[in-house]
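K.L.:
Supplied in structure tokens, the structure appears directly below.
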Amino acid sequence: MKSDKIVINGGKPLRGRIEVRGAKNLATKAMVAALLAESPSVLRDVPDISDVGVVTGMLEAYGVSVTTTAEGELTFDPSNVEKAHFSKIDALAGSSRIPILFCGPLLHRLGEALIPDLGGCRIGDRPIDFHLDALRAFGAVVDKSYEGIRLTAPNGLSGAEIELPYPSVGATEQVLLTAVRAKGVTELKNAAIEPEIMDLIAILQKMGAIINVEPNRVIFIEGVDKLEGYNHRALFDRNEAASWASAALATEGDIFVGGAKQAELMNFLNIFRKVGGAFDIHEDGIRFYHPGGELKPVVVETDVHPGFMTDWQQPLIVALTKAQGISVVHETVYENRFGFTDALIEMGADIVVHKDGLESVTRRVPRRPLEQAAVITGPTKLHGADIRVPDLRGGFSHLIAALTAEGQSTISNVGIISRGYEHFIDKLRALGADFVYEG
Numbered sequence: 080m081k082s083d084k085i086v087i088n089g090g091k092p093l094r095g096r097i098e099v100r101g102a103k104n105l106a107t108k109a110m111v112a113a114l115l116a117e118s119p120s121v122l123r124d125v126p127d128i129s130d131v132g133v134v135t136g137m138l139e140a141y142g143v144s145v146t147t148t149a150e151g152e153l154t155f156d157p158s159n160v161e162k163a164h165f166s167k168i169d170a171l172a173g174s175s176r177i178p179i180l181f182c183g184p185l186l187h188r189l190g191e192a193l194i195p196d197l198g199g200c201r202i203g204d205r206p207i208d209f210h211l212d213a214l215r216a217f218g219a220v221v222d223k224s225y226e227g228i229r230l231t232a233p234n235g236l237s238g239a240e241i242e243l244p245y246p247s248v249g250a251t252e253q254v255l256l257t258a259v260r261a262k263g264v265t266e267l268k269n270a271a272i273e274p275e276i277m278d279l280i281a282i283l284q285k286m287g288a289i290i291n292v293e294p295n296r297v298i299f300i301e302g303v304d305k306l307e308g309y310n311h312r313a314l315f316d317r318n319e320a321a322s323w324a325s326a327a328l329a330t331e332g333d334i335f336v337g338g339a340k341q342a343e344l345m346n347f348l349n350i351f352r353k354v355g356g357a358f359d360i361h362e363d364g365i366r367f368y369h370p371g372g373e374l375k376p377v378v379v380e381t382d383v384h385p386g387f388m389t390d391w392q393q394p395l396i397v398a399l400t401k402a403q404g405i406s407v408v409h410e411t412v413y414e415n416r417f418g419f420t421d422a423l424i425e426m427g428a429d430i431v432v433h434k435d436g437l438e439s440v441t442r443r444v445p446r447r448p449l450e451q452a453a454v455i456t457g458p459t460k461l462h463g464a465d466i467r468v469p470d471l472r473g474g475f476s477h478l479i480a481a482l483t484a485e486g487q488s489t490i491s492n493v494g495i496i497s498r499g500y501e502h503f504i505d506k507l508r509a510l511g512a513d514f515v516y517e518g
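Going by my numbering, the first residue of the sequence shown is number 80, and it counts up by one from there.
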């Protein structure tokens, strides 16, 4: 999406039905996994988002044929994988952090991987040290240059014992995508176990991988000599589903999110109910709505799965500005994810960000050095403002705030929202939002 601005007239509840397709955090990784195969792969329910376009471009740069075989369905043919020109990769990689995950598959296929400087949302350092340390453990040689990072595997890749200092989703994906074709057995400790990780493991098993998920975040991967293509329907995007749920609550609306499933949203649904929202579970989705009455304050602690996702807190905070009393959100995953609240404060919200976090005797998630906390005092009425989107989830939160506010808001840099929200302009129209999209 090329346009950069949307003008919203707020104060109108969102009502209607929208559909969510495959998760951004699974689809893009499944696309990378296709590089490991010796035959074509088919991925269904692929969202039409810009991150998918970035990975498509990178795969094509490496000689993978990517074709759209039906709506939301992509076929990948990796039979002609070749080294890519650095200029092509550099042009694509600046807008995404996915390229680091190409390392393992490229080392297996080509014996070399070149990764430029990484982009992505500006919500913290997100160090790639976890990735590089894991790749070194497999036998990769890492050289940093002015172009970026060059990796080689002069002696091939072999299984390793790896313990992550933090259950990083990206580092877990890195290990999985590298270990499946490494010689020998890999033991990964302190692994991430998000639903998207489990779906990626299911894909790799379809391809011929041998992966055992043990208790206590331990995963064993037995390397195999070859992998075949997969045929898979991507897990639904639980982050998008939760975002629309928060939009329904904040605007006092009623949204049916087709494709949403209860199991992957359990912790979100608990908080949604505690705040005062209501939901009905159906076979084909979940209805989220404001049942009337006052919203209640809550205390939320973000954490890795099975905890409350960091991606859920930003849209929810907009709804919490309408709750009667003081809510606290402890952000323990990323160190800079409250920057979006500056715009909410400008719109009239009473939010105080504690950059060193807050102590509490009722805390369940262990404190981390990087954590911050936001204290939201409500209810407050929001008014229109001019806002520039800072990042993906923060940007969608600004949309919700503008839809909730009295008066008119102008939101710029909205193109970044298309990284993770498929056809969000069309969905806003379907839900009855009052806006002008300057395309």
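Beta carbons are placed, not taken as given, at the ideal position from N, Cα and C, and that holds for glycine.
Keep in mind the model is a prediction, meaning the values are calculated, not measured.
Which one of Thr420, Cys182, Glu362, Asn234 has the shortest CA to CA distance from leucine 214?
P.N.:
It is Cys182 whose Cα lies nearest to the Cα of leucine 214.
K.L.:
Would you check if the distance between the CB atom of leucine 519 and the CB atom of glutamate 252 is smaller than 9 Å?
P.N.:
As shown, the chain starts at 80 and ends at 518. That puts residue 519 outside it, with no answer to give.
K.L.:
Suppose only complete runs of 3+ residues qualify. What are the beta strand (DSSP E) ranges in the region 86 to 172, listed by chain order?
P.N.:
Qualifying beta strand (DSSP E) stretches, in chain order: 94 to 98, 120 to 123, 144 to 149, 152 to 156.
K.L.:
Enumerate, from N- to C-terminal direction, the unbroken beta strand (DSSP E) stretches of 3 or more residues contained entirely within the region 335 to 398.
P.N.:
List check, beta strand (DSSP E) in window: 357 to 361, 364 to 368, 378 to 380.
K.L.:
Where does the unbroken alpha helix (DSSP H) through serine 322 begin, and where does it stop?
P.N.:
Its alpha helix (DSSP H) spans residues 317 to 329.
K.L.:
Hey, does leucine 482 have any beta-carbon neighbour from chain D nearer than 9 Å?
P.N.:
Note that chain D does not occur in the displayed structure, where there is just one protein chain.
K.L.:
Under DSSP, the beta strand (DSSP E) around isoleucine 194 begins and ends at which residues?
P.N.:
Note, isoleucine 194: beta strand (DSSP E), 191 to 194.
K.L.:
For valine 412, which residues in the same chain have their Cβ closer than 6 Å to its Cβ, ignoring the five residues on either side in sequence?
P.N.:
Contacts found: Thr381, Thr389.
K.L.:
Return the CA-CA distance between aspartate 304 and glycine 190, expressed in angstroms with no decimal places.
P.N.:
Whole-angstrom Cα-Cα distance: 15 Å.
K.L.:
Using only alpha-carbon positions, find the residue among Tyr245, Ile300, Val292 that is nearest to lysine 262.
P.N.:
When each option's Cα is compared against that of lysine 262, the closest is Ile300.
K.L.:
Measuring alpha carbon to alpha carbon, tell me which of Ala512, Phe387, Ile496 ends up nearest arginine 96.
P.N.:
Comparing Cα-Cα distances from arginine 96 to each of Ala512, Phe387, Ile496, the minimum goes to Ala512.
K.L.:
Would you say arginine 416 touches the ligand SAM, meaning its beta carbon is less than 8 Å from a heavy atom?
P.N.:
Within the structure as shown, the ligand SAM is missing, as the structure has no ligands at all.
K.L.:
Would you kindly report the start and end of the unbroken alpha helix (DSSP H) that includes leucine 314?
P.N.:
Careful: leucine 314 lies outside any alpha helix (DSSP H) and carries neither H nor E.
K.L.:
Using a Cβ-Cβ cutoff of less than 6 Å, which residues in the same chain neighbour isoleucine 85 once the five nearest sequence positions on both sides are dropped?
P.N.:
Ile490, Val493, Phe514, Tyr516.
K.L.:
How about valine 432 and glutamate 98: are their beta carbons less than 9 Å apart?
P.N.:
Against a cut-off of 9 Å, the Cβ pair of glutamate 98 and valine 432 comes out as no contact.
K.L.:
So the candidates are Ala453, Ala219, Phe165; which of them puts its Cα closest to the Cα of isoleucine 194?
P.N.:
When only C-alpha atoms are compared, the closest one is Phe165.
K.L.:
List the whole-angstrom C-beta distance separating serine 322 from phenylalanine 475, where the pair is believed to meet the contact cut-off of C-beta under 8 Å.
P.N.:
Right, the Cβ-Cβ distance comes to about 5 Å (below 8 Å), so this counts as a contact.
K.L.:
Taking DSSP's pairing of strands, which residues face alanine 402 in a bridge?
P.N.:
Beta-bridge pairing links alanine 402 to Leu374.
K.L.:
Rounded to whole angstroms, how far is the Cβ of alanine 329 from the Cβ of alanine 398, which I believe are closer than 8 Å?
P.N.:
Right, the Cβ-Cβ distance comes to about 4 Å (below 8 Å), so this counts as a contact.
K.L.:
Here's the rule I'm using: 16 or more other beta-carbon atoms within 10 Å means buried, otherwise exposed. How should isoleucine 224 be labelled?
P.N.:
A small fix is needed here, since residue 224 is serine in this sequence, not isoleucine. It is exposed - the Cβ of serine 224 has fewer than 16 other Cβ atoms within 10 Å.
K.L.:
So if DSSP puts leucine 186 in a beta bridge, which residue, or which two residues, is it bridged to?
P.N.:
In DSSP, leucine 186 forms no bridge with anything.
K.L.:
Can you tell me which of the three DSSP states histidine 477 falls into?
P.N.:
If DSSP states are grouped into helix, strand and coil, histidine 477 belongs with the helices.
K.L.:
Going by DSSP, what residue range makes up the beta strand (DSSP E) through histidine 210?
P.N.:
From DSSP, histidine 210 is part of no beta strand (DSSP E) but of the alpha helix (DSSP H) over 208 to 216.
K.L.:
Are there 16 or more other CB atoms within 10 angstroms of the CB of glutamate 450, so buried, or fewer, so exposed?
P.N.:
Burial call: buried.
K.L.:
DSSP puts threonine 231 in a beta bridge; with which residues?
P.N.:
According to DSSP, threonine 231 bridges with Glu191, Val220.
K.L.:
Look up arginine 508 in the DSSP assignment and say whether it is helix, strand or coil.
P.N.:
Reduced to three states, the DSSP call for arginine 508 is helix.
K.L.:
Isoleucine 280 and alanine 112 look like a contact to me (Cβ under 8 Å); what is the Cβ gap, rounded to whole Å?
P.N.:
Isoleucine 280 to alanine 112, Cβ: 10 Å. No contact.
K.L.:
Under the DSSP definition of a beta bridge, which residues are partnered with valine 454?
P.N.:
In DSSP, valine 454 forms a bridge with Val407, Val431.
K.L.:
Within a Cβ cutoff of 7 Å, which residues of the same chain sit near leucine 344, ignoring the five residues on either side of it in sequence?
P.N.:
These residues qualify, in order along the chain: Arg317, Ala320, Ala321.
K.L.:
Look up serine 497 in the DSSP assignment and say whether it is helix, strand or coil.
P.N.:
Serine 497 falls in the helix class under three-state DSSP.
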